[in-house]
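Visitor:
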Amino acid sequence: MSLNIFFEKEKVTLNSIFKNYKFKKNFIINDVKPLLKSKKNDLTFLDTVKYKSEAAKTQAGACITTEKLSVYLPKNTEAIIVSNVLLELAKSLKIIYPNADIDYPDLNLKIVKKDNFSKVKFGNNVLIGKNVKIGKNSIVGSNTILESNVQIGSDCTINSGVIIKNTIIGNNVVIQDNCKIGQKGFGFIPIKGKNIKFPHIGKVIISDNVEIASGCTIDRGSIDDTTIGDNTYIDNQVHIAHNVKIGSNCMIAGQVGFAGSSQIGNNVSIGGQAGISGHLNIGNNVKIGGGSGVVKNIQDNQIIMGYPAVPLKDFLKKKV
Amino acid sequence: MSLNIFFEKEKVTLNSIFKNYKFKKNFIINDVKPLLKSKKNDLTFLDTVKYKSEAAKTQAGACITTEKLSVYLPKNTEAIIVSNVLLELAKSLKIIYPNADIDYPDLNLKIVKKDNFSKVKFGNNVLIGKNVKIGKNSIVGSNTILESNVQIGSDCTINSGVIIKNTIIGNNVVIQDNCKIGQKGFGFIPIKGKNIKFPHIGKVIISDNVEIASGCTIDRGSIDDTTIGDNTYIDNQVHIAHNVKIGSNCMIAGQVGFAGSSQIGNNVSIGGQAGISGHLNIGNNVKIGGGSGVVKNIQDNQIIMGYPAVPLKDFLKKKV
Amino acid sequence: MSLNIFFEKEKVTLNSIFKNYKFKKNFIINDVKPLLKSKKNDLTFLDTVKYKSEAAKTQAGACITTEKLSVYLPKNTEAIIVSNVLLELAKSLKIIYPNADIDYPDLNLKIVKKDNFSKVKFGNNVLIGKNVKIGKNSIVGSNTILESNVQIGSDCTINSGVIIKNTIIGNNVVIQDNCKIGQKGFGFIPIKGKNIKFPHIGKVIISDNVEIASGCTIDRGSIDDTTIGDNTYIDNQVHIAHNVKIGSNCMIAGQVGFAGSSQIGNNVSIGGQAGISGHLNIGNNVKIGGGSGVVKNIQDNQIIMGYPAVPLKDFLKKKV
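Chains as they are written, first to last, in numbering that gives the first Met the number 0: chain A, 0 to 319; chain B, 0 to 319; chain C, 0 to 319.
1) Could you give the C-beta distance for L126 of chain C and N40 of chain A, rounded to a whole number, given that I count them as a contact under 8 angstroms?
2) Using DSSP with H/G/I as helix, E/B as strand and the rest coil, what is K286 of chain B?
3) Closer than 7 angstroms, Cβ to any Cβ of chain C: which residues of the stretch 223–246 of chain B, in chain order?
4) Please name the residues in the stretch 199–219 of chain B whose beta-carbon is closer than 9 angstroms to at least one beta-carbon of chain A, in chain order.
5) Should S276 of chain A be flagged as near chain B, meaning a C-beta pair shorter than 8 angstroms?
6) Can you give me the C-alpha to C-alpha distance between N165 of chain C and F6 of chain B, rounded to a whole angstrom?
7) What does the alpha-carbon distance come out to for the pair I80 of chain B and T156 of chain C?
8) Does the beta carbon of I110 of chain A sit closer than 8 angstroms to a beta carbon anywhere in chain C?
9) Unbroken alpha helix (DSSP H) runs of length 4 or more, entirely within the stretch 100–167 of chain B: which are they?
10) Take every Cβ of the stretch 279–291 of chain C, pair it with every Cβ of the stretch 301–311 of chain C, and state whether three or more of those distances are shorter than 8 angstroms.
11) Please tell me whether K120 of chain C has its Cβ less than 8 angstroms away from any Cβ of chain B.
12) Taking its Cβ as the centre, do 16 or more other Cβ atoms sit within 10 Å of E66 of chain B, making it buried, or is it exposed?
13) At a Cβ threshold of 8 angstroms, is Q262 of chain A touching chain B?
14) Give me, in chain order, the residues of the same chain whose beta-carbon lies closer than 6 angstroms to that of N265 of chain A; leave out the 5 immediate sequence neighbours on both sides.
15) In angstroms with no decimal places, state the Cα-to-Cα distance between I222 of chain C and S117 of chain B.
16) Is DSSP giving V293 of chain A helix, strand or coil here?
17) Assuming the contact rule is C-beta atoms closer than 8 angstroms, I163 of chain B and G181 of chain B should be a hit. Round their C-beta distance to whole Å, please.
18) Mind listing the chain C neighbours of P104 of chain B? Cutoff is C-beta to C-beta under 7 angstroms, in chain order.
19) Could you list which residues in chain A have their beta carbon closer than 7 angstroms to that of N248 of chain B, in chain order?
20) With a threshold of 8 angstroms between beta-carbons, can Y96 of chain A be considered close to chain B, or not?
21) Quick one: which chain A residues come within Cβ less than 8 angstroms of A252 of chain B?
22) Please state the DSSP three-state secondary structure of N14 of chain C.
23) At the level of alpha carbons, what is the spacing between E77 of chain A and S52 of chain A?
24) Would you kindly check if the distance between the Cβ of I167 of chain B and the Cβ of K202 of chain B is under 8 angstroms?
25) Where D176 of chain C and A61 of chain A are concerned, what is the direct C-alpha to C-alpha distance, given to the nearest angstrom?
26) Would you kindly work out how many angstroms separate the C-alpha atoms of K109 of chain A and K109 of chain C, rounded to a whole number?
27) Rounded to whole angstroms, what is the Cα-Cα separation between D105 of chain A and G128 of chain A?
28) Quick one: complete beta strand (DSSP E) runs, 3+ long, within the stretch 31–109 of chain C?
29) Does any C-beta atom of chain B lie closer than 8 angstroms to the C-beta of G289 of chain C?
30) Whose Cβ in chain B lies nearer than 7 angstroms to the Cβ of Q272 of chain C?
31) Quick one: list the residues of chain B neighbouring N25 of chain C, beta-carbon separation under 7 angstroms, in chain order.
32) Within the same chain, show all residues whose beta-carbon is closer than 7 angstroms to that of S1 of chain B, passing over the 5 residues directly before and after it, in chain order.
33) Kindly list, in the order they appear in chain C, the residues whose Cβ is closer than 7 angstroms to that of L126 of chain B.
34) State the Cα-Cα distance for the pair F257 of chain C and G292 of chain C, rounded to the nearest angstrom.
35) Locate the beta strand (DSSP E) running through I227 of chain A, then write down its first and last residues.
36) Which residues in chain B have a C-beta closer than 7 angstroms to the C-beta of N194 of chain A? List them in chain order.
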């Protein structure tokens, strides 16, 4: 069972959250997860018909959804009927994970003691939280902060002024100066006067051989994780929002931005300053020209450019 | 009287700056302010006919302007006729506020003593200047710098690696890692070989319930202030230039950029990587699509997109 | 002879790198340089016909190139014929400069002792590497890192949280908070599973009177240097890639991005969020509108705008 290692979790039952609701089978909520990752003691959610096929396959014990969407759920998943799915989900998350809606900075950091990490080299004033793991032959630069429970593999080079939280990093990864990884994403329920912050209980997972250049920001996932695949290289000042999944062997040039929850295939190259809208699927071997604005799903092997991005041939035609 | 709390001010008279000029009534300059905020002992400026109606209402004691524009000033405001208004203004400011043209880093910082701030929690190595105020139940993360006279309200979460100067922050504000707030804006008189830096004597004012994500830069105002309204949420790597005024309940997505002196209404949402040119008025309830380049004023309730941005209907028509 | 002051260099002969190759005249490699900067004991490279005229004038002792391109080399330059020039160049560089392919953070930093720098003022926790030089009347803000051998002129203001490595800075330069200067650029030979990182042995050279605002990233050169000319002003969050050369008296607004190896003339102004593609020549006195995407060389005195950028007249025509 993969427990959430980064956030304190309260032991609460379905009934203690949804007090007016009569459950056939009350249970202590193990975790809150996406439809396909949920097990029988997990709570999930369904807020759009787009995910009806995932809904049909969920093993979740309970699912926050609307009356209309509840028909897509299997018999073993109890539907919790609400009018605003994301609002009720946010409220539930705040009860189960009370510290995940704001990036409360880790107040239990200590200047690293080199004895605790044999075969790891450190610069000055490296601040480390509880239970941080760092593999052999890794190097951590000065003024870098690794908050509690962060895991870093072997042969990694983490530069100076980097801040990492809620993140698991593989082997042979390079992270250049001043990157900020694992902070809460831009998620909230807009309410005039006082928005409700959406708790982010996901993490960032960075695979082996990844290189991330200076000044990038990578937000952790909200319910799911933000992931970066093997051997993907990311240039300076790239912004990667919550839940984005980038495949292997990708090349992402400077100042590219990814909105939340998009999925990028393998071997994708993206030119500088391009923007990828939220909730898109970009296939494998796609090439996206610099400055493009991608607003639709893109099939495998396409070469696209423009704002909004179109096949390169069409872009060139239009501009001549 | 609202004194400028952030910059050392010299006591100088009009005549000591403008030596060749015969004033009807010389006075010690209290402050340099925009037309409508000036009182009788303040110096103001008028460099474009665009502000003629503000000029008519000014209560300033004196105004740097051109011969042509001087006709718009009321009788009680003495016109100081020059050929280059901004150049003379910059020179005057440098005399009155000798330390505002460069971000001289605060050299009187000390590692915070927790005793001095009861009910505030601090990470490691928090550096604090003189006379900093922080309200109760606020948290400040490690390696963060709060320069002298900065004010932070209660229930705020200021994360790690943040640098704040010349700024006043309300209650319940969240600022994520590595934000840089209150530095001098991009203002200077271009001269080949050695530009003249325009002193920035304004500040940044951030209202209650604002959330600012990682890696944002918010420049302080030049003469006026840079302001961010209540409950406005700003995503990662957003750039906000000097004098920009953003209203309440706005949603600003990642990597958006605001050029100087633009005014944004309330309930405005702006998609990722959009750019707002300088000196524009964007109305209330405006929605601006991701990647847009806004170069004109926008009325209330418009939905716009494109580069340059046009009403969404026109944008979609053109692209099909 | 201008030795490379920033990277440890191994003493190796041509033959020890290219073992299967029979040289007329073997020699210890002094340095690896661009075609026109190489002398008789230097190794250079030619990977495109675009540089055939530079190739004809090179004084390099040896040149990695293809059979086809080798005809452009002078008699005194020995051609090392390979199929993939950049791959063999990267491998050679890794042998000669074993520490230049990753930004290994400087692990020999110390908190600055003010005695060592008379007439320089420091904030708290300034970390300095070996052999750093700082001119008189300069100021360095808190938490800033100056890695070994960095040179800073007199009357400079380096703000807080700045990280500088592999860089030479002139006099009267201002660098605002959190800039990251001199890190490795985004260069590698893409190989699925494990890219080969291209060693960056160049530096960053910043001339007198330059101002660089908060959060900028300036990568060092790969073989050549990244340079910024006199009195050029750069706004927040600008990204300057490896080998870019920016002239004097330029104005670069916020969030502009430069891809690698482009050359920008003097007196060029670039609006916010514009992007300049790689390997371009932008002339003198060029004005580039905000949000533009420049993909072609631009002659002197042009005013351009759009994506892709075209002369302003054409841009306005198209949009009306």
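Just so you know, even glycine gets a beta-carbon here, dropped at the ideal spot from N, CA and C.
The structure presented is a predicted model; accordingly, all values stated were derived computationally and were not measured.
Guide: So, to answer that:
1) Contact doesn't hold; Cβ gap of about 49 angstroms is too wide.
2) strand
3) Q236, H238 and A240
4) D207, N208, E210, A212, S213 and G214
5) yes
6) 35 angstroms
7) 34 angstroms
8) With 8 angstroms as the cut-off, I110 of chain A does not count as an interface residue toward chain C.
9) none
10) yes
11) At least one chain B Cβ lies under 8 angstroms of K120 of chain C.
12) exposed
13) Using a Cβ-Cβ cut-off of 8 angstroms, Q262 of chain A does not count as an interface residue toward chain B, since no Cβ of chain B sits closer than that to its own.
14) G246, S247, N248 and N283
15) 54 angstroms
16) strand
17) 6 angstroms
18) G122, I138, G140, S141, N158 and S159
19) K191
20) no
21) F185 and A258
22) DSSP, reduced to helix, strand and coil, places N14 of chain C within a helical segment of the structure shown.
23) S52 of chain A has its alpha-carbon roughly 17 angstroms from the corresponding atom of E77 of chain A.
24) yes
25) 49 angstroms
26) 19 angstroms
27) If I take the Cα positions, the gap works out to 7 angstroms.
28) 41–44, 61–64 and 77–80
29) yes
30) Here the neighbours are G256 and G274.
31) Going along chain B, no residue has its Cβ under 7 angstroms from N25 of chain C, so there is no contact; the nearest lies around 49 angstroms.
32) For S1 of chain B, the predicted model reports a pLDDT of 43, less than 50, meaning its position is unreliable; a value from the coordinates is still stated below. Correct list: empty, nothing qualifies.
33) N123 and S141
34) 10 angstroms
35) T225 to I227 is the span of the beta strand (DSSP E), which, as asked, contains I227 of chain A.
36) N230 and Y232
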